[in-house]
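Here the structure is laid out as structure tokens; the discussion comes afterwards.
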Amino acid sequence: MLVGKVIKVACVLMFMVYNAFGYSSSHGATLIGPAGSLTLMERYNLNVSIDNVSSGDSISSVEYFIDGRAIPSPHNGTSFNEPARKPGVRQIFARVTLSNGIALTTDTLAVNVQFPRVDDILTDSTIVAGMNDAWSVSLTFSSSSSVREFGFWIFADTRSGSSISYEYGELQNGITIDECADFNSVASINLTGAQDMQSSLVLGGGRYTVASFHTHPPYLCSEGIGRLVGPSRGDLTPHPQGIPGIVYDFPGPRLDFGHEVSANPVATTWGNRRTVFPVFQ
Numbered sequence: 002m003l004v005g006k007v008i009k010v011a012c013v014l015m016f017m018v019y020n021a022f023g024y025s026s027s028h029g030a031t032l033i034g035p036a037g038s039l040t041l042m043e044r045y046n047l048n049v050s051i052d053n054v055s056s057g058d059s060i061s062s063v064e065y066f067i068d069g070r071a072i073p074s075p076h077n078g079t080s081f082n083e084p085a086r087k088p089g090v091r092q093i094f095a096r097v098t099l100s101n102g103i104a105l106t107t108d109t110l111a112v113n114v115q116f117p118r119v120d121d122i123l124t125d126s127t128i129v130a131g132m133n134d135a136w137s138v139s140l141t142f143s144s145s146s147s148v149r150e151f152g153f154w155i156f157a158d159t160r161s162g163s164s165i166s167y168e169y170g171e172l173q174n175g176i177t178i179d180e181c182a183d184f185n186s187v188a189s190i191n192l193t194g195a196q197d198m199q200s201s202l203v204l205g206g207g208r209y210t211v212a213s214f215h216t217h218p219p220y221l222c223s224e225g226i227g228r229l230v231g232p233s234r235g236d237l238t239p240h241p242q243g244i245p246g247i248v249y250d251f252p253g254p255r256l257d258f259g260h261e262v263s264a265n266p267v268a269t270t271w272g273n274r275r276t277v278f279p280v281f282q
């Protein structure tokens, strides 16, 4: 009885270890892949191994399936290392045919493919250049009688290449206000046009909204209460798709008349660290 219990415990422990490292097995075929999550365009790094194969037998073919759809050739080797081009929980399994005609199917492995973190977006040279250009436009259109915010959506394109390509949308402007005449007025912007595109192909990618960006104008009034810097109360309203926000503002903690208008902007983020849901309209 003691030996039986030891064997049972050992089997349970082996099962727990396999699952902890992303192993999924069935009928002697094992699919090994990433445990936990991937970020868009990280590689799946999937491998298939066969247990208890008779001497002389070998693997004749391997067919991978993502979300129930077969991956087309030539992706039919024992390893699959394509980039993850679509977000969401991908359900993956493999079907193996041996040289003796026996067909084996692995268990399904769930791989959660996530959007990029806003911190990574802020290091992209294309996006930084776009934000700096928007900041310059914001300063150009600012005066003691007229200020407004400028901004755009930020997209991640996974349709080609081996890494994420970031791009930004059309520069949009918010409402024009005269905050010196009305100290209660608040500049704001309502970005429009965030719409994602995704290929219908099993290995196709898409263009996804991954962040919003806008500027805050200088404070040019000779009197009044000034303002705090960073995300405003209106900015902090959560986006329905959980899209992170980025704002360019002056160094803080607050602005009063006479502050340094030529100071370099400070990027502040709010909300989620990465988009939660794609924006399909």
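Numbering-wise (the numbering used here), the sequence shown opens with residue 2 and increments by one. Even for Gly, the Cβ is constructed at its ideal location relative to N, Cα and C. None of these values were measured; they are calculated from a predicted model.
What residues in its chain sit with their C-beta under 7 Å from that of Ile122, if we drop five residues either side in the sequence?
Walking along the sequence shown from the start, residue 122 turns up at place 121. Counting only Cβ-Cβ distances below 7 Å, and skipping sequence neighbours, we find Ile128, Ile155, Tyr167, Val211 and Ala212.
Report the CB separation of Val1 from Val63 in whole angstroms; it is logged as a contact under 8 Å.
No answer is possible for residue 1: the residues shown for the chain start at 2 and end at 282.
Is Ala85 closer than 7 Å to Val114 when the C-beta atoms are compared?
To locate residue 114, count along the sequence shown from 1; it is residue 113. To locate residue 85, count along the sequence shown from 1; it is residue 84. In contact: Val114 and Ala85 (Cβ atoms closer than 7 Å).
Which residue's Cα is closest to the Cα of Glu43: Val49, Phe81, Asp58 and Ile72?
Counted from its first residue, the sequence shown places residue 43 at position 42. With distances taken between Cα atoms, Glu43 lies closest to Phe81.
Can you tell me whether Leu192 is buried or exposed, with buried defined as 16 or more other CB within 10 angstroms of its CB?
As a first step, residue 192 is located in the sequence shown; it is residue number 191 there, counting from the start. Leu192 is buried by the Cβ-count criterion.
Inter-residue spacing [alpha-carbon to alpha-carbon] between Ser161 and Leu41
Here residue 161 corresponds to residue number 160 of the sequence shown, with the count starting at 1. Here residue 41 corresponds to residue number 40 of the sequence shown, with the count starting at 1. So the two alpha carbons sit approximately 12 Å from each other.
Are there 16 or more other CB atoms within 10 angstroms of the CB of Thr177, so buried, or fewer, so exposed?
Numbered from 1 along the sequence shown, position 176 holds the residue referred to as residue 177. Classification of Thr177: exposed, given that the 10 Å Cβ count is below 16.
Along the alpha helix (DSSP H) that carries Thr127, what are the first and last residues, could you check?
In the sequence shown, the residue the question calls residue 127 occupies position 126. Ser126 to Thr141 is the span of the alpha helix (DSSP H), which, as asked, contains Thr127.
Bridge partners for Phe156 per DSSP, in chain order?
Indexing the sequence shown from 1 puts residue 156 at position 155. DSSP lists Glu168 and Thr210 as partners of Phe156.
Which residues bound the alpha helix (DSSP H) around Lys119?
Mapped onto the sequence shown, residue 119 falls at position 118. Per the sequence shown, the amino acid found at residue 119 is Val instead of Lys. It spans Val119 to Ile122 - the alpha helix (DSSP H) in which Val119 sits, taken as one unbroken run.
According to DSSP, is Asp250 part of a helix, a strand, or is it coil?
Numbered from 1 along the sequence shown, position 249 holds the residue referred to as residue 250. Asp250 falls in the strand class under three-state DSSP.
Going by DSSP, name the residue or residues bridged to Asn48.
For the purposes of this step, residue 48 is identified with residue 47 of the sequence shown, where counting begins at 1. Paired residue(s): Ile33 and Ser80.
Where the beta strand (DSSP E) through Tyr220 begins and ends:
Walking along the sequence shown from the start, residue 220 turns up at place 219. Taken as a continuous stretch (DSSP letters only), Tyr220 belongs to no beta strand (DSSP E), as it is neither H nor E.
With distances taken Cα to Cα, identify the nearest neighbour of Thr109 among Pro117, Ala95, Ile103 and Asn101.
Here residue 109 corresponds to residue number 108 of the sequence shown, with the count starting at 1. Checking every option, the nearest Cα to that of Thr109 belongs to Ala95.
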